[in-house]
Amino acid sequence: MAKRIRDDRYELAITMQRRETLALLWSLGLTPTLISCARAPNPKPQSGTVLIAGATGVIGRDIATKVKEAGYTVRGMTRSVEKARREFGNIYEWVAGDVRDPASLATAAAGVDHVISTINGDERTGPLSPEFIDFAGNRNLIDAAKAAGVKHFVLISSATSGPQVDQSQNPVSGYVRYFKTKAEAYLRASGQSHTIIAPGRLKYEPGGKIGIRLLACKDYEISTTTSGDIGLVVVDALTNPAARGKAFALKNDETLIPGAWKIMYAAMPNE
Numbered sequence: 000m001a002k003r004i005r006d007d008r009y010e011l012a013i014t015m016q017r018r019e020t021l022a023l024l025w026s027l028g029l030t031p032t033l034i035s036c037a038r039a040p041n042p043k044p045q046s047g048t049v050l051i052a053g054a055t056g057v058i059g060r061d062i063a064t065k066v067k068e069a070g071y072t073v074r075g076m077t078r079s080v081e082k083a084r085r086e087f088g089n090i091y092e093w094v095a096g097d098v099r100d101p102a103s104l105a106t107a108a109a110g111v112d113h114v115i116s117t118i119n120g121d122e123r124t125g126p127l128s129p130e131f132i133d134f135a136g137n138r139n140l141i142d143a144a145k146a147a148g149v150k151h152f153v154l155i156s157s158a159t160s161g162p163q164v165d166q167s168q169n170p171v172s173g174y175v176r177y178f179k180t181k182a183e184a185y186l187r188a189s190g191q192s193h194t195i196i197a198p199g200r201l202k203y204e205p206g207g208k209i210g211i212r213l214l215a216c217k218d219y220e221i222s223t224t225t226s227g228d229i230g231l232v233v234v235d236a237l238t239n240p241a242a243r244g245k246a247f248a249l250k251n252d253e254t255l256i257p258g259a260w261k262i263m264y265a266a267m268p269n270e
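Numbering (numbering that gives the first Met the number 0), first residue to last: 0 to 270.
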């Protein structure tokens with residue numbers, strides 16, 4: 000009996016939160032027609048080539064899967080094409096590229112329509128540290144994308160890297176977050192069409208099962224994000240005009256219907 004009461008209270012709380020969410024959407028001028036669009040199936044297959052930097056990483060692989068499912072040709076950038084083919088086969092069009100080497104990026108970005116960066120420094124110091132990967136590496140990649148005439152650039156940042164947080168003196172993980180904010184700032188100032196997406200702590204599950212909330216930069220917070228949903232949002236951002244010039248964090252929110260994030264761009268401020 001006690002468990003049933005707890006379950007009933009939980010369901011009531013969720014129902015109330017969903018009503019509050021719908022009221023918020025109405026206040027933003029989002030009509031039931033628009034809200035129903037969040038439940039609509041995926042749009043027609045896309046075309047074109049998408050360069051994914053960091054395609055062999057955990058987030059990169061999830062995103063690449065969604066990008067390919069959407070109909071794009073995936074060009075996976077890796078420092079070692081041989082190693083990528085050995086580990087993952089020829090599932091993508093592999094291309095050699097190192098974000099520390101601008102010349103290799105010019106070759107990798109040639110002829111692509113979009114670029115997605117999921118790179119992340121995995122050493123505290125040295126050539127693979129955040130300073131040279133998360134900041135300088137992304138800077139080089141942004142420059143290469145702009146020179147190649149890329150239509151849109153999506154930067155994967157971190158929900159704990161909001162610009163309002165000073166991480167410059169945090170030697171543990173703060174260096175990563177600090178240099179991610181530097182990359183965000185460079186992209187904003189570059190003139191390149193872009194979207195900055197900042198997931199929270201990864202929850203390794205398929206996407207489209209629970210709701211995702213978008214949070215503006217000033218509201219970045221530690222949260223969890225279903226890994227499969229990151230790719231869904233990224234694919235949409237490639238061609239959705241409402242995502243242009245926006246930066247937002249992703250947060251799991253079970254009070255929202257799956258896909259509700261598609262109509263939340265309106266609440267995100269332009270940068």
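Note that CB positions come from ideal geometry on N, CA and C, so glycine has one too. Fair warning: this is a prediction, and the values are worked out from it, not measured in the lab.
Check: Just verifying my parser: in three-state terms, what is the DSSP assignment at T254?; Outcome: coil
Check: Note down the Cα distance separating H151 from E86, rounded to an integer number of angstroms.; Outcome: 29 Å
Check: Kindly give me the distance between the Cβ atoms of G70 and P44, rounded to whole angstroms, as I take these residues to be in contact under 8 Å.; Outcome: 3 Å
Check: Would you identify the three-state DSSP class for E271, choosing helix, strand or coil?; Outcome: Residue 271 is absent from the model: the chain starts at 0 and stops at 270.
Check: Please identify the residue among I115, G227, D228 and L213 whose C-alpha is closest to the C-alpha of I262.; Outcome: L213
Check: At the level of alpha carbons, what is the spacing between A105 and A147?; Outcome: 7 Å
Check: Is the region 72-79 touching the region 234-246 in the sense that three or more CB pairs, one from each, lie closer than 8 Å?; Outcome: no
Check: Cα-Cα, which of P205, A184, S103 and A109 is closest to D61?; Outcome: P205
Check: Comparing C-alpha positions only, which one of Y91, A242 and Y174 sits nearest to L154?; Outcome: A242
Check: Per DSSP, what kind of secondary structure is G75 in: helix, strand or coil?; Outcome: strand
Check: Quick one: what does DSSP say T55 is sitting in, helix, strand or coil?; Outcome: coil
Check: When you compare the CB positions of G199 and T224, do they come within less than 8 Å of one another, or not?; Outcome: yes
Check: Suppose the cutoff is 6 Å on Cβ atoms and the five residues either side in sequence are ignored; what does the same chain contact list for S128 look like?; Outcome: G120 and E122
Check: Quick test of your reading: S157 and R176, contact by CB under 8 Å. State the CB separation rounded to the nearest angstrom.; Outcome: 6 Å
Check: If the criterion is Cβ atoms closer than 8 Å, does the pair E183 and A135 meet it?; Outcome: no
Check: Between which residues of its own chain and R38 is the CB-CB distance below 7 Å, once the five residues before and five after are set aside?; Outcome: Caution applies to R38, whose pLDDT of 48 falls short of 50 and renders its modelled position unreliable; the value that the coordinates give is listed next. Cβ within range, chain order: I256 and G258.
Check: Going by beta carbon distance, what residues of the same chain come within less than 7 Å of R84, once the five residues before and after it are set aside?; Outcome: W93
Check: Leaving out five residues on either side along the sequence, give the residues of the same chain with a beta carbon under 8 Å from the beta carbon of V49.; Outcome: V66, Y71, T72, V73, R74, V111, D112, H113, V114, I115 and L237
Check: Take the Cβ of T124 as the centre, count every other Cβ of all protein chains shown within 10 Å, and call the residue buried at 16 or more, exposed below.; Outcome: exposed
Check: Go ahead and label T30 buried or exposed: buried means 16 or more other beta carbons lie within 10 angstroms of its beta carbon, across all protein chains shown.; Outcome: No answer about T30 holds up, because its pLDDT of 43 lies below 50 and its placement is not dependable.
Check: Three-state secondary structure (DSSP) at S116?; Outcome: strand
Check: Under 6 Å Cβ to Cβ from T203, same chain only, skipping five residues before and after it: list those, please.; Outcome: The amino acid occupying residue 203 in the given sequence is Tyr; Thr does not appear at that position. Hits under 6 Å: S226.
Check: Suppose you measure from the CA of V149 to the CA of M76; what does that come to, to the nearest Å?; Outcome: 16 Å
Check: Return the Cβ separation of I211 and V232 in integer angstroms, given the expectation that the two are a contact with Cβ distance under 8 Å.; Outcome: 7 Å
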